[in-house]
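**Student:** Numbering (the working numbering), first residue to last: 237 to 644.
Before anything else, here's the structure in question.
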Ligand code: ZN
């Protein structure tokens, strides 16, 4: 019987036929003997995390795959990001993510990341604890230029637009309510006041004067976006009885793990970039099986390379991942290995698409099918057929003998 599981998600893995690859996708064209061997001994299928014809975001697709219906549990990126930097939301809170950016005196965006500043803690500590119209702002640094923001007070709503215009040389957006509620209007008003007040504080800091002298972009504006409201989210352990561990390089994915109450494991060399140490992540996943029931491993770079429109590097990265996957060839007998993706990121689109992705379940007494390769079209012929993200956890629980009987 299977007692433990590793769920390995390659972000943006799926793709479309590439002319230079003879009409194969980067995954199909890549030499991946280890993944192919896993597929050969697995039950395979293809999946769209949100359902046919839906284009998944990385956040919603992960929630769906992990069994948390995004319609119920997702209210914006903010709550996930602040979970990732270790903040706890309370009932009524609104959470936002933000970049420390650079604006000029007319509030026009000069740089969205303040010259890719590496540490914003000297700035966030000046803003943390500010109060505007009875709303307290809790502000903590994230990785590099990022920060998390919690608005805590009465009558707040996440039905507001972003202040971050997501482009350069345009003025910072005024935050607007997106519904007619007085709460949304109040939240937008308070946030606009906060942004003005925080600019006044940040622009005069010695820290920024020094940056200006050194010809660096001043970090004088917190560009907030992705407002989301507190929702009660049962932890992975509460929901499934499985102790879970999250191994990821990217902040969003650590955030998803933290949002679902997983242990977050920092692996040296896990960068979320093509240079990431995949082998170290897989090794850590194996070690974590000793203390945890469920290991969620996220590997980011195939998505970024798809967004760059770079099939050659995407293929190379998948070959690198395949070499690292040798580590997973001798998993203990009671371990289920599931490999899939959150969505496709076709190089021709440089963006997410609704094209399904391959998925494989290997271990125990899964019904091994005739598929012998890990690829989009090969896995589409597998025994699982087409599934959605919300079917993944039930299938894992089924194979682990943990599904409840319906009826008698
Ligand atoms: Zn993704």
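Virtual Cβ for every residue (Gly too), placed ideally from N, Cα, C.
Could you tell me the alpha carbon to alpha carbon distance between residue 244 and residue 380, rounded to whole angstroms?
**Tutor:** C-alpha separation (whole angstroms): 26 Å.
**Student:** Closer than 6 Å between the C-beta and any heavy atom of ligand 1: which residues qualify, listed along the chain?
**Tutor:** Here the list is 247, 248, 294, 539, 578, 579.
**Student:** Would the beta-carbon of residue 609 fall within 7 Å of that of residue 275?
**Tutor:** Going by C-beta atoms, residue 609 is nearer than 7 Å to residue 275.
**Student:** So, at 7 Å on beta carbons, what are the nonlocal neighbours of residue 621 in its own chain, with the 5 sequence-adjacent residues on each side left out?
**Tutor:** The residues are 281.
**Student:** From residue 639 to residue 633, what distance separates their C-alpha atoms?
**Tutor:** Spanning the two alpha carbons is a distance of roughly 5 Å.
**Student:** Where does residue 324 land, buried or exposed, given buried means 16+ other C-beta within 10 angstroms?
**Tutor:** With fewer than 16 other Cβ atoms within 10 Å, it is exposed.
**Student:** Mind the definition here: the region 438–445 touches the region 286–296 only if three or more C-beta pairs lie below 8 Å; say whether that holds.
**Tutor:** Too few Cβ pairs lie closer than 8 Å, so no.
**Student:** Could you say if the region 512–525 and the region 459–467 meet the contact criterion of at least three C-beta pairs nearer than 8 Å?
**Tutor:** No: fewer than three Cβ pairs fall under 8 Å.
**Student:** Residue 469: which of 353, 310, 269 sits nearest, CA to CA?
**Tutor:** Considering only alpha carbons, the answer is 310.
**Student:** Could you give the DSSP three-state label for residue 334: helix, strand or coil?
**Tutor:** Strand at residue 334.
**Student:** If you draw a straight line from the alpha carbon of residue 264 to that of residue 588, how long is it in whole angstroms?
**Tutor:** Each residue's alpha carbon lies about 18 Å from the other.
**Student:** Starting from residue 320, follow the alpha helix (DSSP H) in both directions and report where the run begins and ends.
**Tutor:** Segment 314–320, the alpha helix (DSSP H) holding residue 320.
**Student:** Residue range of the alpha helix (DSSP H) that residue 631 falls in?
**Tutor:** Where residue 631 is concerned, the enclosing alpha helix (DSSP H) stretches over 628–635.
**Student:** Output the distance between the C-alpha atoms of residue 420 and residue 397, rounded to the nearest integer angstrom.
**Tutor:** Each residue's alpha carbon lies about 10 Å from the other.
**Student:** Where DSSP assigns a beta bridge to residue 465, which residues make up the other side?
**Tutor:** Residue 465 is bridged to 330.
**Student:** Can you tell me which residues form a DSSP beta bridge with residue 284?
**Tutor:** DSSP output for residue 284 lists 624 as bridge partner(s).
**Student:** Can you find the residues in the same chain that come closer than 6 Å, C-beta to C-beta, to residue 334, ignoring five residues on each side of it along the sequence?
**Tutor:** Within the same chain, residue 334 has close Cβ partners 383, 385, 458, 459, 460.
**Student:** By DSSP, does residue 518 sit in helix, in strand, or in coil?
**Tutor:** Here residue 518 sits in helix by DSSP.
**Student:** With DSSP collapsed to three states, give me the class of residue 481.
**Tutor:** In the structure shown, residue 481 sits in a strand (DSSP, three-state: E or B).
**Student:** Comparing the C-beta of residue 258 with each C-beta of chain C, is any distance below 7 Å?
**Tutor:** Reference to chain C is not applicable here, since this structure consists of a single protein chain.
**Student:** Return the first residue and the last residue of the alpha helix (DSSP H) that residue 437 is part of.
**Tutor:** Residues 418–439.
**Student:** How many Å lie between residue 214 and residue 360 at the Cα?
**Tutor:** Nothing about residue 214 can be read from this structure; the chain reaches only from 237 to 644.
**Student:** Among all the DSSP beta bridges, which residues are the ones paired with residue 573?
**Tutor:** The partner list for residue 573 (beta bridge, DSSP) reads 242, 598.
**Student:** Please state if the CB of residue 521 and the CB of residue 486 are separated by a distance shorter than 7 Å.
**Tutor:** Not in contact: residue 486 and residue 521 (Cβ atoms no closer than 7 Å).
**Student:** Among the residues of its own chain, which have a CB less than 6 Å from the CB of residue 241, if the five just before and after it don't count?
**Tutor:** If we look at residue 241 and ignore the five residues flanking it on each side, its Cβ neighbours are 530, 572, 632.
**Student:** Identify which residue in 344, 524, 346, 415 has its Cα closest to the Cα of residue 568.
**Tutor:** Nearest C-alpha to residue 568: 524.
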